[in-house]
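Please read the structure below before turning to the comments.
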Amino acid sequence: QEANVSWKIDGNISKGPSLIQAGRRSNYTFPRNTVGNYSISVEAVNMNGTSAESWNITVHPRFFFKGNRIWDGSKPNEFSLAYTWDPMSFSGFYYDINDDVGDESITINLDSYTDRTIDRDDLVYTTSPQEVSFGYSGFGRYEVIGFMAEKYFAGYTSNSRPPSPSTGFGAISTLAQGQLHKVLVDDDTRRTVSLGSTITLKEGYVLKAIDIDADARTMLISLLKDGNEIDTAALSAGRTYVYTKRVGTVSDLPIIMVRLDSVFSGREMSAAFIRGIFQISENYATVGTGNKFGKMEVQSVSNDKIMMSNDGSISLDKGKNELLMGNLRLKVGDTTDNTLRFYFAVDVTSDMVANLLVIDAPAQAYAGEAIRIKITAGGTPVDAASIEFDSSDIGQTDTNGSFDYDLPRSLKGIHDITATKLGYLKAIKNIEVLEYFERRLSLDIPVTANQFETIKIRVTSNGTALGGATVRYDNTTIGSTDNNGTLNYTLETSGTHSISASRSSYITVVKEIEVRAPYSEYKALDINISPGVVFTNEPVVIRSNITNAGTKKDILPVELIINGTAVDNWSIALDPGEIKEINFTRKEAKAGNYSVEISGQKGSLEVKPGFFTWSLILIVLLITALGALAVYLMTSKNKISIESIRKKLM
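Position one of the sequence shown corresponds to residue 647 (the working numbering), numbered consecutively onward.
Right under this line is the structure:
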């Protein structure tokens, strides 16, 4: 039967009475931001009588168990003693906003709000793999996992489906084998590959176009590792080249995928277009039960989860800055009132920003103006980075990471500058282009110059040299341009400086110049290994011409690197531009193929087993053959029986 239902909070009616039909429910919802202890009761009344229930409950704030970045012991009503952080409350954890992927969490369990010790196993970290889309969506999806606040490749799934792969593969969980790999390249940029040209991948891999058959829409590619060819494949348009190898305990693991988009043939050249490149590192982090990472120990690893906990107590003393695992830290407040307050943080390392492209370009410029776009990663200039303006390719950066671009006079409004390079995360920056103004100055100066060098500064307006323009260096007037619109100036101090030009009724123009202090830079021009094939312990001479590409004389060591290890060095003195030949003599005791490198120039050396080794093998074979012959002759003439030989051996 129906009944009138009333809800009371601390004895006061808060909702009702409301007529509720038989079989229906009546609920009570606390108002937003309600916090505290309450006595709540409900009463139902109809012609048959009255029925009532009551409870004492505690209403916690929304973020009582998780959600805040900082845990504050002075607010016990707002923070549970068991508290959890995940990517929503701790931005240091890995999170992909495009696919809403990121499953790292860390939970702390304390005994009280003044407890300054995390007991063993009271700090628990868990993470699970999740699927994300490849950079080139046609490849499908693969698994990634956040581990110690960094992104790792965890495996291929049934949704990893590159079109027409040269080598097929199924679902592979590297996580299940305790292997986590870095994703080196995940790119969908369309790239042109002409005959003989290369695409440089990571970890010493290079893809080279050996031949292009436009009629068959096929490209013959070669994959090189440290300069040595390791694989070739004929790839037709629409197919995907897949290179697999055994990595750790995982057999036939695809570490490189490259898709051939189309093939073009013209009068001047034939070219292929690549779109879709994926590469994971063949070096991996090992994660197994019992492994320790800082203060944390792995408790379990499976194909769908990693769990770690602290293997000993952790102090929460005032001002403590504790490295927990990887780059993850626990920082405790140095409070004056002894309040326990702490949060988690991640140390930003050079590796984290080494592949993040950064665009340095003016936020505002006039249409028709020449702007300088500079691309860096981790503070280092990036050459050969592709620059797009509103999705149109406009060129690539030079060796200084710079690219000059003349804004079309027709532009106006907000536009996008995009920078991409294989193996780097792309960057996008907005620029506001103001309407073209006729009386505008242009400034022609070098992007970089050397300290104490005299440079020519040229000022023009609409392509015409402009005399009488005032030139300032770091806001200090250094002179005016002559009738040819030029002014010479000697650079006295190194660093980044500004040069501006102005003239009455013209718009002032400002540019930056990088002034390099005197420096030395040794480069190898070539490498010569003679002979290229030797026997063990046979001398080989390795020669190289070394030049000083810098601006000052110096004496520096030049290292000989064999198989990635410096084994010898030679110090030489070089003036700027001077070239000298150096040579090293080596003997290798073991047979095999050796990579040889001097200042970036690479070569290979093949070492075969020496004469003594082959002689010893031949002697052993000869003795064995003579022994067998002797046994045969003696048994055939009945001088000794097989049975007697068997008895002597037993």
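Ideal Cβ positions, reconstructed from N, Cα and C, are used throughout, including at glycine. On a predicted model such as this, the values are computed, not experimentally measured, just so you know.
Cα-Cα separation between residue i and residue j, rounded to whole angstroms
| i | j | result |
| --- | --- | --- |
| T835 | G922 | 7 Å |
| Y1240 | G1178 | 10 Å |
| E1184 | E875 | 26 Å |
| L1002 | E796 | 14 Å |
| R837 | S908 | 11 Å |
| I666 | N702 | 24 Å |
| N658 | G669 | 26 Å |
| D1029 | L962 | 47 Å |
| S1056 | P1203 | 55 Å |
| Y1012 | S1107 | 13 Å |
| G719 | S774 | 30 Å |
| I1074 | D833 | 15 Å |
| S672 | N692 | 15 Å |
| S779 | T1122 | 53 Å |
| V651 | S687 | 11 Å |
| R885 | I952 | 36 Å |
| V896 | A817 | 12 Å |
| V1004 | L1071 | 9 Å |
| A1007 | G1025 | 15 Å |
| V994 | F910 | 44 Å |
| L756 | Q776 | 30 Å |
| S882 | Q1042 | 28 Å |
| G850 | A1219 | 31 Å |
| F988 | Q945 | 25 Å |
| Y741 | P1255 | 53 Å |
| G1238 | K938 | 36 Å |
| L970 | V770 | 12 Å |
| V1079 | G1059 | 5 Å |
| V839 | D768 | 55 Å |
| F709 | A991 | 19 Å |
| A1000 | S660 | 59 Å |
| D949 | L899 | It should be pointed out that residue 949 corresponds to Asn in this sequence rather than to Asp. Each residue's Cα considered, the two are about 16 Å apart. |
For residue i: DSSP bridge partner residues
| i | result |
| --- | --- |
| V1231 | The amino acid at residue 1231 is misidentified as Val; the sequence shows Thr. Paired residue(s): V1187. |
| A1095 | V1161 |
| M971 | L974 |
| A1073 | A1065 |
| Y741 | Per DSSP, none; premise fails for Y741. |
| M954 | Y771 and V944 |
| Y802 | Y788 and I818 |
| E689 | S652 and A698 |
| F919 | T838 and S908 |
| E1034 | D1039 and T1064 |
| E750 | Answer is none; E750 lacks a bridge partner. |
| I856 | Looking at the DSSP assignment, I856 forms no beta bridge with any residue, so it has no partner. |
| R1104 | D1090 and T1132 |
| N658 | I655 |
| M903 | V888 and F924 |
| E1081 | Bridge partners of E1081: none, in fact. |
Best match in the options for proximity to residue i [C-alpha to C-alpha]
| i | options | result |
| --- | --- | --- |
| D1031 | G1024, T1064 and A1009 | The sequence shown places Ala at residue 1031, not Asp. Nearest C-alpha to A1031: T1064. |
| S1166 | S1151, T1116 and N1194 | N1194 |
| V1186 | K1248, E1252 and I1153 | E1252 |
| R892 | I902, A883 and G884 | I902 |
| P811 | K828, G1059 and Y889 | Y889 |
| N1096 | H1143, R1118 and R1162 | R1162 |
| G934 | M971, A1235, E928 and G824 | G824 |
| G1109 | R715, A1016 and T982 | A1016 |
| R905 | F710, E943 and P809 | P809 |
| D1036 | G695, S1245 and P1054 | P1054 |
| F924 | E1205, G1069, I1207 and N1191 | G1069 |
| A1111 | D1120, D1090 and G1125 | D1090 |
| L976 | Y788, L1220 and R762 | R762 |
| T932 | S843, G894 and L986 | G894 |
| I1159 | S1217, K1226, K1199 and R1118 | R1118 |
| N1191 | T730, E699 and E1227 | E1227 |
| T981 | E789, K966 and H1061 | K966 |
| G801 | I926, Y684, K712 and V831 | I926 |
Supposed close pair residue i, residue j - CB separation, criterion 8 Å
| i | j | result |
| --- | --- | --- |
| I920 | I845 | 7 Å |
| P589 | E724 | Here the chain comprises residues numbered 647 to 1296, so residue 589 is not present and cannot be evaluated. |
| R1085 | S1148 | R1085 to S1148, Cβ: 12 Å. No contact. |
| L841 | L847 | Between L847 and L841 the Cβ distance is about 19 Å, and since that is not below 8 Å, they are no contact. |
| I1188 | I1207 | Contact doesn't hold; Cβ gap of about 10 Å is too wide. |
| N805 | G781 | About 15 Å separates the two Cβ atoms, so there is no contact after all. |
| A918 | M954 | Wrong, their Cβ atoms sit about 46 Å apart, outside the cutoff. |
Should the stretch 858 to 870 be regarded as contacting the stretch 951 to 961, the criterion being three or more beta carbon pairs within less than 8 Å? Cβ pair count under 8 Å is below three, so no.
Report yes or no: do three or more beta-carbon pairs, one from the stretch 1099 to 1112 and one from the stretch 1135 to 1155, lie closer than 8 Å? Contact between the stretch 1099 to 1112 and the stretch 1135 to 1155 is present, because at least three Cβ pairs lie under 8 Å.
Can you confirm whether the stretch 1005 to 1024 touches the stretch 750 to 769 when touching is taken to mean that 3 or more C-beta pairs between the two stretches lie within less than 8 Å? Contact fails: fewer than three Cβ-Cβ distances are below 8 Å.
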